[in-house]
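For the record, the sequence lines run as chains X and W. Going from the first sequence to the working numbering is simple: count from 1 and add 16. In terms of the working numbering, the second sequence has 200 at position 220, counting the first letter as 1, and numbering is strictly consecutive. Even glycine gets a Cβ: it sits at the ideal position worked out from N, Cα and C. Step one of this worksheet: look at the structure below.
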Amino acid sequence: MKLSHIDKLESESIHIIREVASEFVNPVMLYSIGKDSSVMLHLAQKAFYPSKIPFKLMHIDTTWKFKEMINFRDDIARNYNLDLLVHINQEGVRNNINPISSGSKIHTDVMKTQSLIQALDKYKFDAAFGGARRDEEKSRAKERIFSFRDKKHRWDPKNQKPELWNLFNTKIDQGESVRVFPLSNWTEIDIWQYIYQENIPLVPLYFAKIRPIIRRNDMMIMVDDDRLKIKENEKIEQKKVRFRTLGCYPLTAAVESDASTVEEIIIELLESKYSERQGRLIDNDQIGSMEKKKQEGYF
Amino acid sequence: MDIETFFQNQNNKKQLKILTCGSVDDGKSTLIGRLLFDSKNIYSDQLSQTKIESEKYGTQGKQIDLALLIDGLQAEREQGITIDVAYRYFETEKCKFIIADTPGHEEYTRNMVTGASNSDVGIILVDATKGILDQTKRHTFILSLLGIENIIVAVNKMDLINYDEKKFKDIISSFKNFGREFNFNLQKFIPISALVGDNVFQKNTNISWYNGKSLIDELEEISLNNSFEEEIFSLPVQFVNRLSSDFRGYSGTITSGKIKVNDEVHVFSSKEKIKIIKILTPKGESDFAVKGQAVTLTLDKEVDISRGDLLCSVKNHNYFLSDQFASHIIWMNKEQMIPERNYIFKFINFQTIGKITDLVHKININSFEKIASKFLNLNEIGYTKVALNKNTIFNPYKNNKKLGSFVIIDQFNNQTVGAGVIEHELRRASNISWHQMSINKNLRSSINGQKPCVLWFTGLSGSGKSTIANIIEQKLHKLGKHTYLLDGDNVRHGLNKDLGFTDVDRVENIRRISEVSKLMVDAGLITIVSFISPFKSERKMARELVESDEFIEIYVDTPIEECEKRDPKGLYKKARSGKLKNFTGIDSNYEIPSSPEIILETNIISAEELADEVILYLKQYNKI
């Protein structure tokens, strides 16, 4: 029997997840509700089958996620009997930090990066799984699978520990931690193929449907609730759209699409000329912006 | 397109992990950019981003600089060099590729080794205008050391030498000349131009004299039957799954061979035979599983198996249970590798303390000469003997890459400082057995009404170690206790007179003293050791040789200014004037103990009173 490319990726990821469960005292899986997180969760369930996943999941809630994402998250947690923590940066909420008037940079920093750091400190996690892939973005391409973070959760890209074979250095001091990326070697198309083959449930936002949108800064933004104030020159249109990545709704651009099944999405993807992160407003702030955010402690 | 056909094609594609290596400016990043670009694996927003960056940092005038697609980290984009390993993904009709892009500079050899450790094929880039360089030889050597069987030598920048056939052939023959001693399974030579795309994807008429395939065609045809790897079942136990009370399974990734339900296998450590009842693969319960799959097995009986153990087929195999082996090691840290120092050795499913007992030779990786040396510096490769502090299961790297490889971790700063491949076992350990003596430590020491221990004094030269140690020994003698004082200076006149003051010799100095004090503790003595002993790791080594309550570390804390003022032997003066090299506190480091049992501050309290403090400690802990 020959293992296919996907079979190899699947086993590699399971190996990584088991290694963390063996070597760390208090790991957590960062669950973002998106497709990559869904695949990661699915792999974690396989890694420990027939037992329950031996660690908690955590969602960093910015309070600006799409409503459908939150519903989906709670359904999954209930249906799969998961230990799910939800953390919100309450200080950010009190200071009314939001993606619209505070701007994407401050909102992301306070409600995602700072919030994540708060939660990691609060629960004293020594390892945190993330669903990032190396093909997503150039600075991710250089990150280790086991990526060291100092006591202040910072990443030092120029001083990464060499990572050879599948031998992972899991030794850290008190207060330090690692971020672990079991999906490092998966590409976007691999993820979709796996979702199809394994029939992994996804947030419906990935599939095309008539949704209310406005056009702002050349992007289509979905009107998910009344916190998005419609300007005078804007009008709500009903468009058949879907999302290639999911985040805070005012920062996540929809794409026009007819793809309403996984098969149709894969076909659309093969014909696409644009990368998935293109729909993310926060990546394009400045050259090297992801690298800067990651050094500060971003996912 | 029909989606099922698409998936079928995807599943038939083979996965190929390739490594590009070559000297600085040979065009590695450009080649990878070209592979992504020509295979249409670049999205147009990424391309337009690269266009913006090309205008800012590009080296190709108005043309788009494909290397910028690849050089991920900002510092690299600005300096125009690759400083780390980057992984890239692209696919063709037949193949899914994962490329490790590694730097060419000699100071980044460790990154190249990292990339090579996970690759199936090595592409060695040679700049046609420069020919074979030292780096070419170094990279070829590393590929061979790490067991890469397939290499492609891509002679790049053919456009700059007007596609000159003779020059290409000269490069081939000089490569073959030095490459003779390496045993690659497949070795191909292709003339290319990554910048214009000649012979990367498309064959080019500019090089009509070349009859071979393009680079991508050659890669797609490589078959990955690792000819040397054995096919006997082995599974290192990674995780014991008994998270629910009614289930007990053993999880891990199969590193060689295959397994079926009802097969009989060995638990390697206990040699017990067990039968496989269930195999849980990622695809669900199955009758069998193969190499590369992450599985969970259930067995016919309850046996004692934990992480670190190995399940393997009952048939003959090459596994060894031993605590010593010979290996090639690549050193990856600025702090040099010192023989006899304790490090953590991490293998596929366990880690243990161990040390490199001998550096047999190091290798000049540009000329392949073997050179005698006492230590390894950053990026150097050596042939070594390794001793671990417990018996472990291993297999030579050439039989099984997963079981024959390890990384070395510093105990104190947690850095990955080295990596190694196991060549063969050393049987020495199993031939020496311990003689069981009928009179033991407890019987010896009970005659004197004492418990043996080591009082280990550490501190700068002139801090007062020997003075206090001396008073303590006198006091203990008066109390009728049996003692022995090992003093740094005195021992250097006898047992250690062959050692100097380099870091390597200091480590050996302390190692011998540690072993001597262990013998003295065994003889039932209160052993007083007074040595500068500047390094944490050697003090830790000394501590670990005896029982945990037998080692009392005493840090004599005197500020260096005070030591220098006292200067009883005039050594600080000599060191300051440069007549004495490697003097602790001046041009050699002293690592302050982080949790000694006792701290003595000599500039506040007299030596007599400090000695009493230590005596009191010994009484409190029932040593006397």
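Handout entry: Through-space distance from Asp206(X) to Asn215(X), alpha-carbon basis
Key = 14 angstroms
Exercise for the section: Taking 8 angstroms as the threshold, find out whether the segment 189 to 201 of chain X comes into contact with the segment 226 to 244 of chain X through three or more Cβ pairs. Expected result: no
Handout entry: Span of the beta strand (DSSP E) around Ser193(X)
Key = Ser193 to Val196
Handout entry: Any beta strand (DSSP E) of 3 or more consecutive residues that is wholly inside the segment 418 to 495 of chain W
Key = 433 to 438 and 463 to 467
Exercise for the section: Hey, could you find the ends of the alpha helix (DSSP H) Cys543(W) is sitting in? Expected result: Ile540 to Arg546
Practice task
List the residues of chain X that Gln167(W) touches, going by C-beta distances under 8 angstroms, in chain order.
Solution key: Within chain X, no residue comes near Gln167(W); the closest Cβ sits about 24 angstroms away, beyond 8 angstroms.
Practice task
My understanding is that Thr120(W) touches Lys137(W), with C-beta atoms under 8 angstroms, so please give their C-beta distance in whole angstroms.
Solution key: The pair is not a contact, with the Cβ atoms about 19 angstroms apart (cut-off 8 angstroms).
Exercise for the section: Please report how far the alpha carbon of Pro70(X) lies from the alpha carbon of Leu223(W), in whole angstroms. Expected result: 7 angstroms
Handout entry: Closer than 8 angstroms at the beta carbon, the chain C residues around Asn201(X)
Key = Note that chain C does not occur in the displayed structure, where the protein chains are X and W.
Exercise for the section: Starting from the Cα of Gly400(W), find the closest Cα among Ile122(W), Ser203(W), Arg472(W) and Lys431(W) and give me that residue. Expected result: Ile122(W)
Exercise for the section: Taking the CB atoms as reference points, tell me whether Val241(W) and Tyr230(W) lie closer together than 9 angstroms. Expected result: no
Problem - Residue range of the unbroken beta strand (DSSP E) whose run includes Ile389(W) - result: Ser385 to Ile389
Practice task
Could you tell me which residues DSSP puts in a beta bridge with Glu79(X)?
Solution key: Note that residue 79(X) is Thr in the sequence shown here, rather than Glu. DSSP lists no beta-bridge partner residue for Thr79(X).
Handout entry: chain W contact for Ser117(X) (CB, 9 angstroms cutoff)
Key = no
Exercise for the section: With DSSP collapsed to three states, give me the class of Leu125(W). Expected result: Three-state result, Leu125(W): helix.
Handout entry: Members of the segment 74 to 89 of chain X near chain W, C-beta cut-off 9 angstroms
Key = The residues in question: there are none.
Practice task
Return the chain-ordered list of same chain residues with a C-beta closer than 7 angstroms to the C-beta of Ser410(W), the five sequence neighbours on each side being excluded.
Solution key: Residue placement at Ser410(W) cannot be trusted, given a pLDDT of 46 that sits under 50; what the coordinates show is reported in the next sentence. Within the same chain, Ser410(W) has close Cβ partners Ser302.
Problem - Cutoff 8 angstroms; reference Ser207(W); Cβ partners in own chain excluding five residues on either side - result: The pLDDT assigned to Ser207(W) is 46, lower than 50, so where the model puts this residue is not dependable; a value taken from the coordinates is nonetheless given after this. Correct list, in chain order: Glu129 and Asn165.
Problem - Per-residue DSSP class, three states only, for Glu252(W) - result: Strand.
Problem - Neighbour list for Leu368(W) in chain X, Cβ cutoff strictly below 8 angstroms - result: Neighbours of Leu368(W) on chain X: none; closest Cβ ~15 angstroms, over 8 angstroms.
Handout entry: Through-space distance from Gly127(W) to Asn98(W), alpha-carbon basis
Key = 10 angstroms
Exercise for the section: With DSSP collapsed to three states, give me the class of Gly565(W). Expected result: Coil, per DSSP.
Handout entry: For Thr(-15)(W), the first and last residue of its enclosing alpha helix (DSSP H)
Key = Ile(-17) to Asn(-8)
Handout entry: Asp125(X) versus Pro220(X) - alpha carbon distance
Key = 27 angstroms
Exercise for the section: Return yes when at least one heavy atom of the ligand GTP lies under 8 angstroms from the C-beta of Ser203(W), else no. Expected result: No copy of the ligand GTP appears in this structure; indeed no ligand is present at all.
Exercise for the section: Can you give me the Cβ contacts of Leu25(X) inside the same chain, cut-off strictly under 7 angstroms, excluding the 5 residues immediately before and after it? Expected result: Asn201, Trp202 and Asp206
Handout entry: chain W within 9 angstroms of Lys51(X), Cβ atoms only
Key = no
Practice task
Give the DSSP bridge partners of Glu265(W), in chain order.
Solution key: According to DSSP, Glu265(W) bridges with Leu260(W).
Practice task
Tell me, please, which residues DSSP counts as bridged to Glu253(X).
Solution key: Ile229(X)
Exercise for the section: List the whole-angstrom C-beta distance separating Ile373(W) from Leu290(W), where the pair is believed to meet the contact cut-off of C-beta under 8 angstroms. Expected result: Beta-carbon to beta-carbon, Ile373(W) and Leu290(W) are separated by about 5 angstroms, close enough to satisfy the 8 angstroms threshold.
Practice task
Consider the Cβ of Ala37(X): report whether some Cβ of chain W lies at a distance smaller than 9 angstroms.
Solution key: Yes, contact with chain W.
Exercise for the section: Could you check the C-alpha separation between Asn97(X) and Gly263(X) for me, to the nearest Å? Expected result: 24 angstroms
Handout entry: Neighbourhood of Ile412(W) by C-beta, 7 angstroms cutoff - its chain only, sequence neighbours within 5 removed
Key = A caution first: Ile412(W) carries a pLDDT of 47, below 50, which makes its placement in the model unreliable, though a value can still be read off. Nothing listed; no residue qualifies.
Handout entry: Separation of Ile452(W) from Ile595(W), as counted between CA atoms
Key = 7 angstroms
Practice task
On the DSSP bridge assignment, give the partners of Ile579(W) in chain order.
Solution key: Tyr535(W)
Practice task
Verify the CB distance criterion: does Tyr65(X) have a CB-CB separation below 9 angstroms to chain W?
Solution key: yes
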